[in-house]
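**Q**
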Amino acid sequence: MKVAIVHDWLVNYGGAERVVEEMLKIYPDADIFTLVHDRKKMRGHFSSARITTSFVQKIPFATRLYTKFLSLMPKAFESFDLSHYDLVIASSSSCAKGVIVPPTTPFIAYIHTPMRYAWDLYFDYYKRSGALTRFFMKLQMPKIRQWDFISSQRIDSIVCNSSYIARRVKRFWKCDSKVIFPPVGTDRLFPNGKPAEDFYVVFSRFVAYKRIDIAIEACGALKKNLVVIGSGKEEKALKSLAEKYPDAKISFTGRITDDEVRDYLQRCHALIFCAEEDFGIIPVEAQACGRPVVAYKKGGATQTVIEGETGVFFEEQNSESCKEAILRFEELDAQKKFDGEKIASHAKKFGEERFREEFKAACDEAIQKVRGDAM
Numbered sequence: 320m321k322v323a324i325v326h327d328w329l330v331n332y333g334g335a336e337r338v339v340e341e342m343l344k345i346y347p348d349a350d351i352f353t354l355v356h357d358r359k360k361m362r363g364h365f366s367s368a369r370i371t372t373s374f375v376q377k378i379p380f381a382t383r384l385y386t387k388f389l390s391l392m393p394k395a396f397e398s399f400d401l402s403h404y405d406l407v408i409a410s411s412s413s414c415a416k417g418v419i420v421p422p423t424t425p426f427i428a429y430i431h432t433p434m435r436y437a438w439d440l441y442f443d444y445y446k447r448s449g450a451l452t453r454f455f456m457k458l459q460m461p462k463i464r465q466w467d468f469i470s471s472q473r474i475d476s477i478v479c480n481s482s483y484i485a486r487r488v489k490r491f492w493k494c495d496s497k498v499i500f501p502p503v504g505t506d507r508l509f510p511n512g513k514p515a516e517d518f519y520v521v522f523s524r525f526v527a528y529k530r531i532d533i534a535i536e537a538c539g540a541l542k543k544n545l546v547v548i549g550s551g552k553e554e555k556a557l558k559s560l561a562e563k564y565p566d567a568k569i570s571f572t573g574r575i576t577d578d579e580v581r582d583y584l585q586r587c588h589a590l591i592f593c594a595e596e597d598f599g600i601i602p603v604e605a606q607a608c609g610r611p612v613v614a615y616k617k618g619g620a621t622q623t624v625i626e627g628e629t630g631v632f633f634e635e636q637n638s639e640s641c642k643e644a645i646l647r648f649e650e651l652d653a654q655k656k657f658d659g660e661k662i663a664s665h666a667k668k669f670g671e672e673r674f675r676e677e678f679k680a681a682c683d684e685a686i687q688k689v690r691g692d693a694m
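Those letters in the sequence shown? Residues 320 to 694, by my numbering.
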């Protein structure tokens, strides 16, 4: 069976790219189609895959400026010729699900999220953008929303990474979907069997919507030790914020290896997770290491963290609410409410093998549906 996997872009390695890697384990001979591909930044991932990029790849500095080419993305993905494939799979948080597929070819899309900047987070992105970007957002977004809705109707079967995203798919596309949690590498993560040490951890790309500032402000005000793992364009601002709290030990590791991340997760008091994520792999990774999570109570974290058993939630996305949650967590932890082995066992249900089994079944179901409709 000839399979095509369409992914938004391959310029950084993250949760969405892990999903594509697991898809390739199901269909190892699949071809990949994507907007742009930066081999250097992918650090060896997909090095043996057959990858076809769009015409956007030829634009100077495209692998850095690709997000600026939103108006070109529908045309770019619709330009891929997928007429000779027996199965087409999209991995999409932007425009990848907009490819054109013959009506007799099964087309299944794994949706990480409908475009945030086109729909419910439009006004948030708009407020944080400069004057020129705002001008183009006003000009382009109505057409992008129209295309996004129309292209969603071409999909035979939609799979979402959480119930939170399934609700957004229903709201914006009027489509039903099923939920299959994304794969988390729980097999390489495990508790170290030792008592937690006196520090909290934040692990994330340094971008605004991750709200790392909330964890810094909360830990700074409470004089708690915090290790901030990651890098990104917000790094300078976050380090400046941390300097305002000299009585708290807030350290930045920069990019570190997977083994080093695991070591921090195994040893920390808890992970602090302040983002409103579609799913959120990092909280599951912390739990796989036997550590609880202090999480913002919105988005995918509500499906992976169990209040009072594997962590605690804070209601408002601000430092005051986060501070209250940290103090509540420490009270519960002092009462021995969190069992590392039970927390790790809970995380196993989000493992990679489970994803492959469930997604393969969803693909088989989509194939049978299209074949049945064609008869």
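Even glycine gets a Cβ: it sits at the ideal position worked out from N, Cα and C.
Taking the continuous beta strand (DSSP E) assigned at His326, which residues delimit it?
**A** His326 -> beta strand (DSSP E) spans 322-326.
**Q** Are the beta-carbon atoms of Phe598 and Gly619 separated by less than 8 Å?
**A** Yes, the pair counts as a contact, with Cβ atoms nearer than the cut-off.
**Q** From the DSSP secondary-structure annotation, give me the bridge partner or partners of Ala428.
**A** Its beta-bridge partners are Ala409, Ile477.
**Q** Kindly list the residues whose CB is nearer than 7 Å to the CB of His477, restricted to its own chain and excluding five residues on each side of it in sequence; keep chain order.
**A** Here the sequence assigns Ile to residue 477, which means His is not the residue at that position. Only Ala428, Ile430, Val488, Cys494, Ser496 meet the Cβ criterion.
**Q** Among residues of its own chain, excluding the 5 on either side of Ser640, which ones have a beta-carbon nearer than 6 Å to its beta-carbon?
**A** Closer than 6 Å at the Cβ level, and outside the excluded window around Ser640, lie Phe633, Glu634.
**Q** Suppose contacts are defined by Cβ-Cβ distances below 8 Å. Is Ser664 in contact with Ile601 by that definition?
**A** Contact: no.
**Q** Classify Arg610: buried if its beta carbon has 16 or more other beta carbons within 10 angstroms, exposed otherwise.
**A** Arg610 should be labelled buried.
**Q** Bridge partners for Val520 per DSSP, in chain order?
**A** Paired residue(s): Val546, Leu590.
**Q** Can Val520 and Tyr583 be called in contact, C-beta distance under 8 Å?
**A** In this structure, Tyr583 lies closer than 8 Å to Val520 by Cβ.
**Q** Where does Tyr614 fall in DSSP's three states?
**A** The sequence shown places Ala at residue 614, not Tyr. Strand.
**Q** Let's see if you can read the secondary structure: which residues bound the beta strand (DSSP E) around Ile569?
**A** 569-573 is the span of the beta strand (DSSP E), which, as asked, contains Ile569.
**Q** From this set, Arg473, Ser470, Ile499, Asp475, which residue's C-alpha is nearest Tyr483's C-alpha?
**A** Considering only alpha carbons, the answer is Ile499.
**Q** Going by C-alpha to C-alpha distance, which of Leu329, Pro421, Gln465 sits closest to Trp438?
**A** Closest option to Trp438, Cα to Cα, is Gln465.
**Q** Exposed or buried, Glu672, counting other C-beta atoms within 10 Å across all chains shown (16 or more means buried)?
**A** With fewer than 16 Cβ atoms within 10 Å of its Cβ, Glu672 is classed as exposed.
**Q** What is the DSSP secondary structure of Thr576, counted as helix, strand or coil?
**A** Note: Thr576 maps to coil in three-state DSSP.
**Q** Can you tell me whether DSSP reads Lys513 as helix, strand or coil?
**A** DSSP places Lys513 in coil when its eight states are reduced to three.
**Q** I'd like the list of long-range same chain contacts for Lys617, defined as Cβ closer than 7 Å, with 5 residues on each side in sequence excluded.
**A** Cβ neighbours of Lys617 beyond the five flanking positions: Glu595.
**Q** Assess contact between the segment 385-392 and the segment 359-369, defined as three or more Cβ pairs (one per stretch) separated by less than 8 Å. Is contact present?
**A** These segments do not touch.
**Q** Suppose the cutoff is 6 Å on Cβ atoms and the five residues either side in sequence are ignored; what does the same chain contact list for Pro425 look like?
**A** Cβ within range, chain order: Leu406, Asp475, Ala685, Ile686, Val689.
**Q** Can you tell me whether DSSP reads Thr623 as helix, strand or coil?
**A** Helix at Thr623.
**Q** So Ser638 and Ile533 are supposed to be a Cβ contact under 8 Å. How far apart are they, rounded?
**A** With 8 Å as the limit, Ser638 and Ile533 qualify as a contact, their Cβ atoms being about 5 Å apart.
**Q** Determine the DSSP secondary structure at Arg647, reduced to helix, strand or coil.
**A** Helix, per DSSP.
**Q** Say whether the segment 440-460 touches the segment 415-424, bearing in mind that this needs 3 or more beta-carbon pairs closer than 8 Å, one atom from each stretch.
**A** No, the segment 440-460 is not in contact with the segment 415-424.
**Q** For a test of the three-state rule: what should DSSP assign to Val689, helix, strand or coil?
**A** Helix.
**Q** With distance defined between alpha-carbon atoms, name the residue in His326, Val613, Trp328 nearest to Phe264.
**A** Any property of residue 264 remains undetermined from this structure, which presents the chain solely from 320 to 694.
**Q** Near Ser402, what residues of its chain come up, given a Cβ to Cβ distance below 6 Å and the 5 sequence neighbours on each side ignored?
**A** These residues qualify, in order along the chain: Pro421.
**Q** Report all residues from its chain with a CB closer than 8 Å to the CB of Ser550; omit the five preceding and five following residues, and keep chain order.
**A** Within the same chain, Ser550 has close Cβ partners Arg524, Phe525, Gly573, Arg574.
**Q** Should Leu646 go down as buried or exposed, given a rule of 16 or more other Cβ atoms within 10 Å for buried?
**A** By the 10 Å Cβ count, Leu646 comes out exposed.
**Q** Can Thr505 and Phe674 be called in contact, C-beta distance under 8 Å?
**A** Contact: no.
**Q** Helix, strand or coil for Leu354, going by three-state DSSP, please let me know.
**A** Correct three-state label for Leu354: coil.
**Q** Pick helix, strand or coil for Phe396, following the three-state DSSP scheme.
**A** The answer is helix: DSSP assigns Phe396 an H, G or I state.
**Q** Counting only the same chain and skipping the five closest in sequence on each side, list residues whose C-beta sits under 6 Å from that of Ser373.
**A** Leu354, Ala395.
**Q** On a Cα-Cα basis, can you pick out the residue from Trp328, Ile345, Gly691 that is closest to Pro502?
**A** For Pro502, the nearest C-alpha among the options comes from Ile345.
**Q** Compute the distance between the beta-carbons of Leu343 and Ile370, then report whether it is under 8 Å.
**A** For Leu343 and Ile370, no; Cβs fall outside 8 Å.
**Q** Are Ile351 and Ala335 close, meaning C-beta to C-beta below 8 Å?
**A** No, Cβ-Cβ distance for Ile351 and Ala335 is not below 8 Å.
**Q** Could you tell me whether the Cβ atoms of Ile655 and Ala540 are closer together than 8 Å?
**A** Reading off the sequence shown, one finds Lys at residue 655, where the question assumed Ile. Result no, Cβ atoms of Lys655 and Ala540 do not sit closer than 8 Å.
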